[in-house]
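Below: the structure, in structure tokens.
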Amino acid sequence: MRHLYLFILFMISLSSLAQTGKTEVRGYIQGAIFDEKTKEPIASATIRLLNKSDSSYIQGVASNDKGEFRLSAPPRKYILEVSFIGYKTFLQNFNTTVKNPDYSTGDIYLEENTIELGAAVVEAQVPGILVRGDTIEYNAGSYSSQESDMLQDMLKNIPGVEVDANGNITANGKAISKILVDGKEFFGNDIPMALANLPANMIKKLQLYKEQSETAKVTGFRDKDPEQVLNLVVKEELKQSTFGDVKGGYGSDDKYANKVLVNHMRGDNQLSFVGDMNNVSDDEYMSGMDNGIDKNKNVGVNAYVQMSEKFKIGGNVRYSDNENLMETKTNTQTFLSTGDRLAKQDMSSTNKRDNMNVGMNIQWKPDTLTTIFARSYINFNNTESDQTSTNFSYVAEKDTTSGQSINRSKGDGYSINNYFTVGRKLNNKGRTVSLSFNNSLRKENSKGTNYSYTTYTGDVEDKIIDQRTNTDNNSNSYNISMSYVEPLGKDYRLQLSYSYGLNDSERMRDVRKRDAEGNYTLIDSAYARNTENTYINQNISLNFQATKEKYRYTIGFSVDPSRSRSKISLGDSIIENLRQSVVNFSPSLNFSYTPNERTNIDFNYSGSTGQPGISQLSADTVIVNALSKYYGNPNLKPSYSNNLNVFYQKSDYETSRFLMLMGGFNYTFNNIVDYTLIDEQGNSINTYRNVSGNMGANINFMYNTPLKNKKFTVTNNSTGNYYKNIGYTNGEKAITHNVVLAEQVSVRFKNDKFETNLRAGVSYNMTRNNLTDLQDRNTTNYTLNHFAMWRLPYDFILTSSINYSYYSGYEDDFKNSEMLWNASIAKQFLKKKRGTIKAQVFDILNDRNNITRYVSGNYMSDSRSNTINQYFLLTFSYKFNIIKGKKGVDEADEVYEGGYY
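Per numbering that gives the first Met the number 0: the sequence shown ends with 900, consecutive numbering throughout.
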């Protein structure tokens, strides 16, 4: 408490100094910039404020998406200069005084200034990447190639953005939590749905930024570590139209890909229908990222309606039916001081899942002082899984163990998640109060069978496990939080917040084995358990925030007391009844500096608590395969992570250059890690322990620049990562150090008829462990990717995508290279090129090869999974756009080469 008192005293002293200082009178100069002919707003126009006496520069800013700008300046005589590439410079003289410090320029209309040189016309070109304060903005036209491109195709071309096989997106090393369309949610936070169904040519630009929570929006007090989101700005000409795409494709070996997409927009109101049925991708960009063979059926409706300035409502309904066939070959090295154990596994699994999702969100402002957010998500699901595996385990010059297992299960479940936030302004100076309530209800039930047969060399008797299982998982969680914000002068605020969270979870696992008559009636007491866990977490936080014109910072301190109770039982017998309490203290610091509109520097430090999952706490034993089992540990404590990040980004509008440098470090107390026991036959039992000391560090440098004529663009991306992972094997602490270094360089050329992109990369992975007596593992992956597109006469389009990979340092039974070549030829036809017929060949050389490496504290594994190999696909697509107010189909359906119009 002594530290808390000192912190409060420091905040009060700081705010007192801020208020006792002499206050300078300042006013606001504001206006809006428009194109004289089209009357459309001009974004990124340069506004410079000059001293009237000597024309010296005072300060500047760029106009926002609506063409608006605002400057803060003391009373004086000024010259306002407005300029933008391709327009004549605008100048205006004006004065401000102490009595009238504010000045409005009104609407400023810029006149085009096209310079003709003979037959050539010099035109302005929008940069591919722009920094706008703490937002990175990407020009969609710079990263989309074909009219058929979807959002996922565009993202693959954007430097620093990565999309994995499951549809997860990371940008500059941080996960993207949701995708917005003009600031509105698209099917909640279902990112794969947005990636596969939003056409690239509807997008004007992409904005990457950190979205404040609903509590932050109602209080005005910024979050410590907000989520990163991607907002898609739709082209203005589409915001009063109904547009979409109908596509059907069929190919070799019964491959098919069919899709329907309809978007209806009226200003801020949106309605989307999506239907999708496929067993392959018709996308040469994304082909090669799949794991396993999929069959997908999806249908959904998403809507957003702004009923008034006070009331907005959005929602979605979606049904999906997915099936995946996965075949995986894995080599694992477990680190042991007595000699590393090596294992090989071949696994085949079929997983089926159907989901029904319903979501709704509301924003309501009943008056000028009150804001209410409410959202609810409901999910119903059915699952079915069938898995078989064969395993082989050995130590050099010692006995070997082999086994096979068959696991089958069927289950169903539901989840209900509700969120409610209300905030109210208590005065016009920034005093606010907020209240939030969240709750989540989850229930899952599954029934299945486990069969495994293990054989050993020598005199050890073979082992058979034959079981029937019934597992129920239930969890209910509730959280209530309150926040009070007190302004301390014009630029300073103090926030006091409190939250209380309760999570009740229960796992009931009934396991039966055969009786003398062959029926599954006997309880297998070694595997059956009931686990009940109650976890209570509180947070008391005091934060001080300063907001200036060019910088802002937040200093905070929080106390996180938590307590938990775990009860383990079998029938009426209580096996364990455990209680524990933990208190964490967490300082935080967030600093953001924006010296100008195109440069931003961020520094963040924060701490967070992580609760163990119910499977990590449950003491029942689960069979993974014939040689591996795991059980939970009810003694686990919550983990506590410390995270520090530094971020610098800068862009230049005139040269179109972009530079980013970022670094991070994390250290975890009470991290939940694997604790593995392996006997002499290679049977492993895995559980969990808390350990402190796991850490990671990373640095990333990216530079993007066009060459002189701006048709060539060069991008460099350099990354370095270090991980320290601690685990336990047979009671010994296993410490693994893992270093990953990567370098990637790409050159892109683009004009109206031809586009090509050449990318080369190398990744070096070094692993060292304190227990191993075998050779330390080093692997190197080399990649070379080339994409080309030609727009030929008579509206033909030819594309080619070649991806070559070479893998060095893996096991001998892994193929060390692959050449993935996809190609297509398309013909546009019908009026306004609305129709496209395309012939595509995927994996022409039939040379696919998927390899991944995973490193933990006590083992390292290399895996190769099956994928869809060579196939042919013929598709037909039809685009349409019905513009509001136009009569007749011929007038309404207009399409230009760049997409919808």
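Glycine included, each C-beta is placed from N, C-alpha and C at the ideal position.
Given a threshold of 16 other Cβ atoms within 10 Å of its Cβ, counted over all protein chains shown, does residue i qualify as buried or as exposed?
i    : result
M701 : buried
T96  : exposed
T431 : buried
K707 : exposed
A174 : exposed
P158 : buried
P633 : buried
Q239 : exposed
Y793 : exposed
E548 : exposed
P365 : exposed
I796 : buried
I114 : In this prediction, I114 scores a pLDDT of 41, lower than 50, which makes its location untrustworthy; the coordinate-derived value is nonetheless stated afterwards. Burial call: exposed.
K752 : exposed
R50  : For the record, residue 50 in the displayed sequence is Asn; it is not Arg. Label assigned to N50: exposed.
S691 : exposed
A527 : buried
P73  : exposed
D892 : For D892, the predicted model reports a pLDDT of 40, less than 50, meaning its position is unreliable; a value from the coordinates is still stated below. Buried is the call here.
S319 : buried
A199 : buried
K38  : exposed
V556 : Per the sequence shown, residue 556 should be read as Phe rather than Val. Answer is buried; the Cβ neighbour count reaches 16.
Might you give, ordered along the chain, the residues of its own chain that have their beta carbon closer than 7 Å to the beta carbon of residue i, omitting 5 neighbours on each side?
i    : result
F93  : Y77, L79, Y102
G117 : With a pLDDT of 37 at G117, under the threshold of 50, the predicted position of this residue should be treated as unreliable, though the coordinate-derived value follows. For G117, where only same-chain residues beyond five positions count, there are no Cβ hits under 7 Å.
R511 : Q466, R467, Y519, T520, L521, I522, D523
P594 : K549
N277 : Y255, A256, N257, N295
Return the chain-ordered list of same chain residues with a C-beta closer than 6 Å to the C-beta of residue i, the five sequence neighbours on each side being excluded.
i    : result
N529 : M507, S568
T329 : Q344, S860, S862
R656 : T704
I734 : I725, N769
T389 : D345, Q403
D503 : N475, T533
V217 : T370, G422, S433
Y763 : L740, T779
S607 : S640
T22  : With a pLDDT of 45 at T22, under the threshold of 50, the predicted position of this residue should be treated as unreliable, though the coordinate-derived value follows. There are no such residues.
With residue i and residue j assumed to form a contact (beta carbons below 8 Å), what rounded beta-carbon distance in angstroms separates them?
i    : j    : result
L231 : L179 : 7 Å
T546 : N589 : Between N589 and T546 the Cβ distance is about 12 Å, and since that is not below 8 Å, they are no contact.
W363 : F310 : 5 Å
S384 : S347 : Incorrect: roughly 12 Å between the Cβ atoms, too far for contact.
S561 : I535 : 6 Å
T214 : S591 : No, T214 and S591 are not in contact; Cβ-Cβ is about 19 Å, not under 8 Å.
When DSSP labels each residue in this structure, what does residue i get in the three-state scheme?
i    : result
A139 : helix
S614 : helix
L872 : strand
S336 : coil
E383 : strand
N532 : strand
E505 : strand
L791 : strand
I190 : helix
N815 : coil
A527 : coil
D34  : strand
Q58  : strand
E731 : strand
Q544 : strand
K628 : strand
A174 : strand
L110 : In the sequence on display, residue 110 carries Glu and not Leu. Three-state DSSP puts E110 in coil, outside helix and strand.
Q211 : coil
K296 : strand
Within a Cβ cutoff of 8 Å, which residues of the same chain sit near residue i, ignoring the five residues on either side of it in sequence?
i    : result
N750 : K710
> Along the chain, which unbroken stretches of the beta strand (DSSP E) at least 3 residues long are found entirely within the stretch 391-463?
Replying inline: 399-424, 431-455
> At what residue ranges does the stretch 227-279 contain a whole run of the beta strand (DSSP E), taking only runs of 3 or more?
Replying inline: 240-250, 255-265, 268-277
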